[in-house]
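A.B. asks: This is the structure, below, for whatever I ask next.
There are 4 protein chains.
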Amino acid sequence: MASVMEPLPASGFFHGGEHLFPVRVFYEDTDLSGVVYHANYLRYMERARSDMLRVSGIDQREAQEQGLGHYAVAEAHVRYRAPARLDDALTVRSRVEDVGAARCVITQNVWRGETLLAEGGVTVAFVDPAGRPRRQPAEWIDRFKQLCTSIS
Amino acid sequence: MASVMEPLPASGFFHGGEHLFPVRVFYEDTDLSGVVYHANYLRYMERARSDMLRVSGIDQREAQEQGLGHYAVAEAHVRYRAPARLDDALTVRSRVEDVGAARCVITQNVWRGETLLAEGGVTVAFVDPAGRPRRQPAEWIDRFKQLCTSIS
Amino acid sequence: MASVMEPLPASGFFHGGEHLFPVRVFYEDTDLSGVVYHANYLRYMERARSDMLRVSGIDQREAQEQGLGHYAVAEAHVRYRAPARLDDALTVRSRVEDVGAARCVITQNVWRGETLLAEGGVTVAFVDPAGRPRRQPAEWIDRFKQLCTSIS
Amino acid sequence: MASVMEPLPASGFFHGGEHLFPVRVFYEDTDLSGVVYHANYLRYMERARSDMLRVSGIDQREAQEQGLGHYAVAEAHVRYRAPARLDDALTVRSRVEDVGAARCVITQNVWRGETLLAEGGVTVAFVDPAGRPRRQPAEWIDRFKQLCTSIS
Numbered sequence: 008m009a010s011v012m013e014p015l016p017a018s019g020f021f022h023g024g025e026h027l028f029p030v031r032v033f034y035e036d037t038d039l040s041g042v043v044y045h046a047n048y049l050r051y052m053e054r055a056r057s058d059m060l061r062v063s064g065i066d067q068r069e070a071q072e073q074g075l076g077h078y079a080v081a082e083a084h085v086r087y088r089a090p091a092r093l094d095d096a097l098t099v100r101s102r103v104e105d106v107g108a109a110r111c112v113i114t115q116n117v118w119r120g121e122t123l124l125a126e127g128g129v130t131v132a133f134v135d136p137a138g139r140p141r142r143q144p145a146e147w148i149d150r151f152k153q154l155c156t157s158i159s
Numbered sequence: 008m009a010s011v012m013e014p015l016p017a018s019g020f021f022h023g024g025e026h027l028f029p030v031r032v033f034y035e036d037t038d039l040s041g042v043v044y045h046a047n048y049l050r051y052m053e054r055a056r057s058d059m060l061r062v063s064g065i066d067q068r069e070a071q072e073q074g075l076g077h078y079a080v081a082e083a084h085v086r087y088r089a090p091a092r093l094d095d096a097l098t099v100r101s102r103v104e105d106v107g108a109a110r111c112v113i114t115q116n117v118w119r120g121e122t123l124l125a126e127g128g129v130t131v132a133f134v135d136p137a138g139r140p141r142r143q144p145a146e147w148i149d150r151f152k153q154l155c156t157s158i159s
Numbered sequence: 008m009a010s011v012m013e014p015l016p017a018s019g020f021f022h023g024g025e026h027l028f029p030v031r032v033f034y035e036d037t038d039l040s041g042v043v044y045h046a047n048y049l050r051y052m053e054r055a056r057s058d059m060l061r062v063s064g065i066d067q068r069e070a071q072e073q074g075l076g077h078y079a080v081a082e083a084h085v086r087y088r089a090p091a092r093l094d095d096a097l098t099v100r101s102r103v104e105d106v107g108a109a110r111c112v113i114t115q116n117v118w119r120g121e122t123l124l125a126e127g128g129v130t131v132a133f134v135d136p137a138g139r140p141r142r143q144p145a146e147w148i149d150r151f152k153q154l155c156t157s158i159s
Numbered sequence: 008m009a010s011v012m013e014p015l016p017a018s019g020f021f022h023g024g025e026h027l028f029p030v031r032v033f034y035e036d037t038d039l040s041g042v043v044y045h046a047n048y049l050r051y052m053e054r055a056r057s058d059m060l061r062v063s064g065i066d067q068r069e070a071q072e073q074g075l076g077h078y079a080v081a082e083a084h085v086r087y088r089a090p091a092r093l094d095d096a097l098t099v100r101s102r103v104e105d106v107g108a109a110r111c112v113i114t115q116n117v118w119r120g121e122t123l124l125a126e127g128g129v130t131v132a133f134v135d136p137a138g139r140p141r142r143q144p145a146e147w148i149d150r151f152k153q154l155c156t157s158i159s
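Written out as structure tokens, the structure reads:
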């Protein structure tokens with residue numbers, strides 16, 4: 008039986024208008040060239056965005072289960088600077104650049120200590136369960152705008 | 008024991024300077040929103056590029072095992088137009104836009120029949136086993152240039 | 008615009024009560040040890056089962072969208088015999104061993120030519136959209152039983 | 008530029024001869040049935056084993072880079088009890104059951120609080136860079152045996 012003592016998954020935090028989220032590189036992330044497979048940076052970036060919502064007090068699973076909607080990626084780009092390797096501890100640094108009625112533009116860079124590994128960004132669109140664009144909840148927009156402008 | 012009769016994995020082909028590669032959507036590709044997870048389009052695009060090399064008579068595994076080098080993605084971008092669903096038969100259409108000494112720029116779009124699902128592109132850089140940029144084999148460059156300019 | 012000529016994803020077939028399905032190994036499948044990451048064999052096996060349904064004329068996406076239900080894996084095991092490498096053409100050979108009211112037991116082995124790479128098996132349970140066990144459609148059971156007993 | 012303040016990836020710990028490792032469920036882990044895709048439990052289990060090595064002071068990346076060798080999964084099995092969903096905080100509880108010259112047998116169960124979601128286990132074999140079985144470093148065996156017998 009599970010004891011009461013449980014380890015907790017890593018959580019990110021906001022600092023000076025930026026969200027920081029830690030990622031550990033595991034075997035599953037690498038490919039035979041010995042470094043992290045390029046598509047997995049998009050997964051790291053998505054984990055960071057999910058954590059950003061959680062830390063902001065937004066429950067995306069509840070929003071989905073209640074039929075409110077969810078975010079779909081409308082556009083993504085990554086520029087790869089340096090490779091990540093097994094066991095590396097990375098940090099995804101995300102910044103909400105722009106918040107529209109139905110969209111957010113987010114810059115997301117992946118660092119290992121002082122080394123920039125990947126520069127990326129996504130535009131996410133809020134959509135209803137059928138995938139049609141819809142306005143983001145007003146309360147969420149307020150939170151994102153607050154995050155955009157907060158100072159260290 | 009395995010019989011002599013074996014089914015063959017799908018193979019793509021070139022047609023009018025464009026490479027066409029088929030992809031089937033499986034459970035593993037989808038997420039809880041019911042459609043293909045956005046990062047997986049980069050995987051589809053990479054499968055198409057690997058097939059493009061194979062069809063061109065370039066053995067990337069041999070090149071890697073002999074220490075010649077391999078392609079690393081230097082940059083990638085995707086614009087998502089419409090979702091793909093379980094069991095969909097997709098086609099990745101790739102076009103080598105530019106071939107440099109150490110790099111190729113490739114446009115890659117994902118279609119389901121007449122519907123464009125995703126527009127993407129990558130820049131790949133040839134690197135040695137240590138990850139340092141190196142010139143692509145001259146013979147490969149010739150083949151790519153031929154592919155760029157071929158007519159239907 | 009997409010032309011009318013489209014490549015087709017690979018399809019498997021039944022032969023002597025066994026289902027054969029081809030898989031190509033891509034970069035995404037490997038890890039830094041240079042061979043296919045062990046968990047990906049379960050993905051290959053799932054692709055083969057999805058193909059088995061398709062070839063049998065069962066539309067699992069329609070079944071899911073209409074609220075009929077879907078298969079959930081109740082148990083899985085794999086014994087790894089030999090590694091698979093980039094560009095390998097593999098064959099998943101599946102055999103429905105037993106069909107119950109709500110479950111199927113399926114043996115699935117992965118071969119590269121005459122070499123057995125992995126011996127596996129799963130028990131899948133049919134569940135309703137809420138994840139509760141339910142009887143498989145009678146018509147499906149009939150098809151599976153036919154597949155179990157068919158002779159080469 | 009990266010600041011000096013960095014969030015840390017989650018780390019597991021040993022407690023009473025058992026290793027506990029936390030996992031957060033992200034979008035990438037789920038499939039269209041709304042729950043975690045079955046093969047991903049093997050990935051969670053592998054992450055826990057990698058963490059177990061790290062916490063034990065064993066650097067598997069160094070071991071691989073120096074040509075010492077790495078662990079290959081020889082056998083794996085999972086029995087699925089209950090589904091995991093987006094945002095769930097899970098715990099992988101691992102126990103080294105047996106340590107041989109070249110192999111370890113490890114039981115690994117996945118919990119969400121007091122609910123057992125999956126019961127699994129693997130046998131891992133130490134192999135040289137060419138994939139041939141070799142004896143585990145004596146010092147590692149000592150550590151594992153210590154872990155096997157430690158008391159809460």
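Protein chains in written order, with this note's numbering: chain G, 8 to 159; chain E, 8 to 159; chain R, 8 to 159; chain Y, 8 to 159. Built from N, CA and C at the ideal position, the CB exists for glycine as well.
Are there 16 or more other CB atoms within 10 angstroms of the CB of Y:Met-12, so buried, or fewer, so exposed?
C.D. replies: Classification for Y:Met-12: exposed.
A.B. asks: Give a yes or no on whether the minimum CB-CB distance between E:Ala-46 and chain G is below 9 Å.
C.D. replies: For E:Ala-46, the answer is yes, since a Cβ of chain G falls inside 9 Å of its Cβ.
A.B. asks: Taking all protein chains shown into account, decide if E:Glu-35 is buried (16 or more other Cβ within 10 angstroms of its Cβ) or exposed.
C.D. replies: By the neighbour-count rule (16 or more Cβ atoms within 10 Å), E:Glu-35 is buried.
A.B. asks: Shorter than 9 Å from the beta carbon of G:Tyr-34 to some beta carbon of chain E?
C.D. replies: No, G:Tyr-34 does not count as interfacial toward chain E.
A.B. asks: Would you kindly report the start and end of the unbroken beta strand (DSSP E) that includes R:Gln-115?
C.D. replies: Per DSSP, R:Gln-115 belongs to the beta strand (DSSP E) from 110-119.
A.B. asks: Whole angstroms is fine: what's the gap from G:Ala-7's alpha carbon to Y:Met-59's?
C.D. replies: Here chain G comprises residues numbered 8 to 159, so residue 7 of chain G is not present and cannot be evaluated.
A.B. asks: For Y:Gly-128, count neighbouring Cβ atoms within 10 angstroms of its own Cβ and tell me buried if that reaches 16, exposed if not.
C.D. replies: Buried is the call here.
A.B. asks: Any beta-carbon of chain G closer than 9 Å to the one on R:Arg-56?
C.D. replies: R:Arg-56 does not count as touching chain G.
A.B. asks: Spell out whether any CB of chain E is found under 9 Å from the CB atom of G:Ile-158.
C.D. replies: For G:Ile-158, the predicted structure reports a pLDDT of 47, less than 50, and the residue's modelled location is therefore unreliable. A value from the coordinates is still provided. Judged by the 9 Å Cβ criterion, G:Ile-158 is not in contact with chain E.
A.B. asks: How big is the Cα-Cα spacing for E:Thr-130 and E:Gly-64?
C.D. replies: Near 21 Å, if we compare the C-alpha coordinates of E:Gly-64 and E:Thr-130.
A.B. asks: Among residues of its own chain, excluding the 5 on either side of Y:Leu-75, which ones have a beta-carbon nearer than 6 Å to its beta-carbon?
C.D. replies: Same-chain partners within the cutoff: there are none.
A.B. asks: Output needed in chain order: residues of the region 69-96 of chain E with a Cβ under 8 Å from some Cβ in chain G.
C.D. replies: Listed by position along the chain: Gln-71, His-77, Ala-79, Val-80, Ala-81, Glu-82, Ala-83, His-84, Val-85, Arg-86, Tyr-87, Pro-90.
A.B. asks: Among residues of its own chain, excluding the 5 on either side of E:Leu-97, which ones have a beta-carbon nearer than 8 Å to its beta-carbon?
C.D. replies: Excluding sequence neighbours, E:Leu-97 sits near Pro-29, Val-30, Arg-31, Val-32, Tyr-51, Ala-91, Val-117, Trp-118, Arg-119, Leu-124.
A.B. asks: Using only the alpha-carbon positions, how far apart do R:Ala-145 and R:Thr-114 sit?
C.D. replies: Rounded to the nearest angstrom, the two C-alpha atoms are 22 Å apart.
A.B. asks: I'd like to know whether the C-beta atoms of G:Ala-109 and G:Arg-150 end up nearer to each other than 9 Å.
C.D. replies: Taking 9 Å as the Cβ cut-off, G:Ala-109 and G:Arg-150 do not qualify as a contacting pair.
A.B. asks: Drop a sphere of 10 angstroms on the beta-carbon of Y:Glu-53, count the other beta-carbons inside from all chains shown, and report buried for 16 or more, exposed for fewer.
C.D. replies: So Y:Glu-53 ends up on the buried side.
A.B. asks: Please confirm whether R:Arg-102 and R:His-26 have their CB atoms less than 9 Å apart.
C.D. replies: A contact, by the Cβ cut-off of 9 Å.
A.B. asks: Excluding the five sequence neighbours on either side, which residues of its own chain have a C-beta within less than 7 Å of the C-beta of E:His-77, listed in chain order?
C.D. replies: Gln-67, Ala-70, Gln-71, Val-134.
A.B. asks: For Y:Gly-41, is the classification buried or exposed, using 16 other Cβ atoms within 10 angstroms of its Cβ as the cut-off for buried?
C.D. replies: The residue is buried, with at least 16 neighbouring Cβ atoms inside 10 Å.
A.B. asks: Got a sec, what are the start and stop residues for the beta strand (DSSP E) R:Ala-81 sits in?
C.D. replies: Here the beta strand (DSSP E) through R:Ala-81 covers 77-87.
A.B. asks: Over the uninterrupted alpha helix (DSSP H) stretch that includes Y:Val-62, give me the two end residues.
C.D. replies: Residues 47-62.
A.B. asks: In chain Y, which residues lie with their C-beta within 8 Å of the C-beta of G:Leu-27?
C.D. replies: In chain order: Met-12, Glu-13, Pro-14.
A.B. asks: Please say whether E:Gly-24 and E:Val-99 have beta carbons closer to each other than 9 Å?
C.D. replies: Contact: no.
A.B. asks: Please list, in chain order, all residues of the same chain as E:Tyr-44 whose beta carbon is under 6 Å from its beta carbon, the five residues on each side excluded.
C.D. replies: Cβ neighbours of E:Tyr-44 beyond the five flanking positions: Asp-38.
A.B. asks: Leaving out five residues on either side along the sequence, give the residues of the same chain with a beta carbon under 7 Å from the beta carbon of Y:Ala-55.
C.D. replies: For Y:Ala-55, where only same-chain residues beyond five positions count, the Cβ hits under 7 Å are Gly-19, His-26, Phe-28, Val-99, Ser-101, Gln-115.
A.B. asks: Go ahead and pull the three-state DSSP assignment for R:Ala-145.
C.D. replies: Of the three classes helix, strand and coil, the one that applies to R:Ala-145 here is helix, per DSSP.
A.B. asks: Taking the alpha-carbon positions, what's the E:Ala-132 to R:Pro-136 distance?
C.D. replies: Straight-line Cα distance between these residues: approximately 46 Å.
A.B. asks: Here's a check: name, in chain order, each residue in its chain whose Cβ is nearer than 7 Å to the Cβ of Y:Asn-47, leaving out the five neighbours to either side.
C.D. replies: These residues qualify, in order along the chain: Asp-36.
A.B. asks: What are the start and end residues of the beta strand (DSSP E) that includes G:Ala-91?
C.D. replies: Counting along the chain, G:Ala-91 falls outside any beta strand (DSSP E), and DSSP gives it neither H nor E.
A.B. asks: Please report the Cβ distance between R:Lys-152 and R:Val-106, rounded to the nearest whole angstrom; I am assuming they are in contact, meaning their Cβ atoms lie under 8 Å.
C.D. replies: Between R:Val-106 and R:Lys-152 the Cβ distance is about 6 Å, and since that is below 8 Å, they are a contact.
A.B. asks: Assign Y:Ala-17 to one of two classes, buried (16 or more other C-beta atoms within 10 Å of its C-beta) or exposed (fewer than that).
C.D. replies: So Y:Ala-17 ends up on the buried side.
A.B. asks: Which residue comes first and which comes last in the alpha helix (DSSP H) that contains G:Arg-68?
C.D. replies: Counting along the chain, the alpha helix (DSSP H) containing G:Arg-68 begins and ends at 67-72.
A.B. asks: Among the residues of its own chain, which have a CB less than 7 Å from the CB of E:Asp-95, if the five just before and after it don't count?
C.D. replies: Excluding positions up to five away in sequence, the list reads Val-32, Arg-119.
A.B. asks: Which residue marks the beginning of the beta strand (DSSP E) containing R:Arg-102, and which one marks its end?
C.D. replies: Start and end: 96-106.
A.B. asks: Let me confirm a value: E:Ala-83 is counted as buried when at least 16 other C-beta atoms fall within 10 Å, else exposed. Which label applies?
C.D. replies: By the 10 Å Cβ count, E:Ala-83 comes out buried.
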